[in-house]
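**Q** Following this message is one structure expressed as structure tokens.
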Amino acid sequence: MAKQTRLGDLERAVMDHLWSAPQPQTVRQVHEAISMRRDLAYTTVMTVLQRLAKKNLVSQIRDDRAHRYTPVHGRDELVAGLMVDALDQAADSGSRQAALVHFVGRVGADEAEALRRALDELESGSRHAPSAGALSGD
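Heads up: the sequence shown at position 55 corresponds to 55 in the numbering used here, and the numbers run straight through without jumps.
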């Protein structure tokens, strides 16, 4: 995944809607869903979707006269990319390790257990990324 930038409030609202939608959405569908919670112009939602497409966070699917949008990455994958990008801000490996220690100190018991399971799976397996099941306890 390419370097990610933090999502703004409106971008996050659009992505949340797309992640929860059972199928790709038109601008109108996204606008109608988000406008229930906040007053937005149709063109504002269209611009946000176009910018998300330029950032390769959503893909555009041509459907007759309209475009339908769908997320390129799942929510978990996007958040993981943001976390890695944040770690990349550290100047050296010592700073990265210190940042990880501080991060682990801030997570709750459930998240700490998920990290333990993921690390155990990573060490016992073929050094690939852990499965989602390892993180959810399934």
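We treat Cβ as the ideally placed atom computed from N, Cα and C, and that holds for glycine.
1. Pair every Cβ in the segment 6-19 with every Cβ in the segment 38-48, then say whether three or more of these pairs are closer than 8 Å.
2. If we count the other Cβ atoms within 10 Å of its Cβ and call it buried at 16 or more, is Asp-138 buried or exposed?
3. Would you give the residue range spanned by the beta strand (DSSP E) that Arg-68 belongs to?
4. Can you grab the Cα-Cα spacing for the pair Arg-106 / Arg-65, in whole Å?
5. Taking Arg-51 as the reference, which of Gln-89, Met-36, Tyr-69 has the closest Cα?
6. So, is Pro-22 buried or exposed, given that buried needs 16 or more other C-beta atoms within 10 angstroms?
7. Find out if the Cβ-Cβ distance for the pair Ala-90, Ala-80 is shorter than 9 Å.
8. What does DSSP give as the partner residue(s) for Val-58 in the beta ladder?
**A** Quick look at the numbers:
1. yes
2. Residue placement at Asp-138 is flagged as unreliable, the pLDDT there being 49, under the threshold of 50; a coordinate-derived value is accordingly withheld.
3. 66-71
4. 48 Å
5. Tyr-69
6. exposed
7. no
8. Pro-71
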